Each structure stands twice: as structure tokens, then as C-alpha cells.
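Visitor:
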Amino acid sequence: MKIYKKGFNYCFDSDACNECAGNCCIGASGYIWVSPDEILKIAMFLEMSLDKFYEKYLKKVKYRFSLREIEYNDGYRCMFFDTQKKQCKIYSVRPAQCISFPFWEHFKTNIKEVENECPGIVRL
Ligand code: SF4
Ligand code: SF4
1 MKIYKKGFNY CFDSDACNEC AGNCCIGASG YIWVSPDEIL KIAMFLEMSL
51 DKFYEKYLKK VKYRFSLREI EYNDGYRCMF FDTQKKQCKI YSVRPAQCIS
101 FPFWEHFKTN IKEVENECPG IVRL
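At position 52 of the sequence shown (counting the first as 1) the number is 52 in this note's numbering, and the numbers step up by one without a gap.
(1) As a quick exercise: from 99, 85, 7 and 25, pick the residue whose alpha carbon is nearest that of residue 117.
(2) Applying the 10 Å Cβ sphere with the 16-neighbour rule, what's the burial state of residue 94?
(3) Would you say residue 9 touches ligand 1, meaning its beta carbon is less than 7 Å from a heavy atom?
(4) Just tell me which of 85, 121 and 107 has its CA closest to the CA of residue 22.
(5) Could you check where the alpha helix (DSSP H) with residue 125 kicks off and where it finishes?
(6) Is residue 50 helix, strand or coil when you go by DSSP?
(7) Quick one: what does DSSP say residue 24 is sitting in, helix, strand or coil?
(8) Does the contact criterion of 3 or more C-beta pairs under 8 Å hold for the stretch 27-34 versus the stretch 63-75?
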């Protein structure tokens, strides 16, 4: 299914996810920002106490939190990426940053970057 978003000179073919290795959840290290509301939702989904969740899955970056990553192949992966199934273990409660991929403001002027990462990008 092709998804379009106003202001972007590409669309996203979600069928590409079926064949992809999960490129948006693995690779170079980056930040996977989570808001307090999202933290609460994910912890509840995992049936974990907030204390345990903070300890195991979050890293503090100044005044914000990011999901932790771990080494994977030649780079890193999000801790919630299932390497067997090649999918997100918390898909229904994943952060807004993940939901909005590949339509990030940054990519409006850096289309090559998102093309290299995501095989579902189709230029318009
Ligand atoms: S990189 Fe693109 S095609 Fe691959 S899993 Fe992520 S959104 Fe889907
Ligand atoms: S939370 Fe899920 S969708 Fe987001 S980076 Fe981690 S594995 Fe990928």
C-alpha cells in the first residue's frame, strides 16, 4: 500500500517492509526518543514496573529519554527489535518517532539518506 504525506516529494510503499531486514530499527546508532506517556504505555504493555523499565530499556540524554540500543551485526539495533521475526516487539505501542518514519522533517531535504535506509521510498 502506498502512503503519501503532504510536503514530501516521495511516498512510502509499506509492502516493502515484508522483504526488508528491519533497516529502520538496526544500523548506525541513533536516538529513539520516547515521551513520558509513551514510556508509561510501553511499560504497561510489557507489564513491567516503571523502575524496571527505566533501568532496562531507557537511557537518559540530557533531559530526554531514548530507548536503548545494543550491538548487532556491524552496528546496533533497538532493544525491541526481534531479530528472528525481523519486527518490532512493541509494535502496537511503539513511539511516535517510529510511527512517523519515513516521514521525518529531516528527510524532506535529505531524501538520499532515507532512500539508502528504506527500500519502501518511491520518489514522486
Ligand atoms: S526500513 Fe522501510 S521498508 Fe524497512 S522495515 Fe523500516 S519502514 Fe519498512
Ligand atoms: S521501538 Fe520498535 S519500531 Fe521503534 S526502533 Fe525499536 S524495534 Fe523499531
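Where a beta carbon is used, it is the ideal one built from N, C-alpha and C, also for glycine.
All values derive from a computational prediction rather than experimental measurement.
Guide: If we stick to the structure as given:
(1) 25
(2) With 16 or more other Cβ atoms within 10 Å, it is buried.
(3) Every heavy atom of ligand 1 is 7 Å or more from the Cβ of residue 9, so no.
(4) For the residues 85, 121 and 107, the minimum Cα distance to residue 22 belongs to 85.
(5) Residue 125 is absent from the model: the chain starts at 1 and stops at 124.
(6) Under the three-state reduction of DSSP, residue 50 is assigned to helix.
(7) helix
(8) yes
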